[in-house]
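For reference, the structure discussed in these notes is given below.
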Amino acid sequence: MNTVNALGLAGSLRVGSVNRALLRAAGRAGEPRIRTRTFDLAPVPLYNGDIEAQGDPPSVLELKQAVRDADLVILATPEYNAGLPGVLKNAVDWVSRPPRPNAWEGRPVAVMGATPGGFGTALAQLQLRSALAHVGALVMPLPRFGVSQAHRAFAEDGSLADPATAERLERFLGSAATWAARLAG
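Take the sequence shown: its position 18, counting from 1, is numbered 44 in this note's numbering, and each next residue is one higher.
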């Protein structure tokens, strides 16, 4: 696998989200093996079995297909009240549902996050990793990547302001590319 086609999902719907900014920075980082496209989770409704019984909404079908088409899924999670944001848990739930096979199963996944707080989304990442493992995703175990004090982490052009953080992101993405390639066989 020469180029890893990655799908980026941000766990915040806010236009000015630091996790959306982190995905953009990842897309511009110096890891040449990864080509990233993002998917906006805003149109995906909350999971509801009654909606599912009538057939998946178009946004859900698009999300499931985007996950199936990706060599790697990169999730950028905020941390809300020491936990996983509902929008990402909702995406995990919808993508795992029938009638087609669970698109998470066997899919390489890398988890990262940014927060204005001091712990770099460690608790949210732990919960997200657990949910993804439960549905069969192959979550990259190490390295882990989190950005604390994220409201100060980005330059005006959207790049990471701190060279050491940018270097850690590049190492994280390099490991993710290797993870996806290794699992692809």
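Note that beta-carbon positions come from the ideal geometry of N, C-alpha and C, so glycine has one too.
Here the structure is a predicted model, which is why all the values come from computation and not from measurement.
Contact check for Ala-32 and Arg-61: beta-carbon distance about 7 Å, within the 8 Å limit, so the pair qualifies. With contacts defined by Cβ atoms closer than 7 Å, Val-86 and Val-70 form a contacting pair. Residue pairing for Thr-64: DSSP places it in a beta bridge opposite Gly-34.
The C-alpha of Pro-58 is placed about 22 Å away from the C-alpha of Ala-181. Between the alpha carbons of Leu-39 and Asp-188 lies a gap of roughly 25 Å. In the structure shown, Pro-189 falls within a helical segment according to DSSP collapsed to helix, strand and coil. Beta-bridge annotation (DSSP): Ala-136 is paired with Ile-100.
Shown here for Arg-63: not one same chain residue has a beta carbon closer than 6 Å to its own, the five before and five after excluded.
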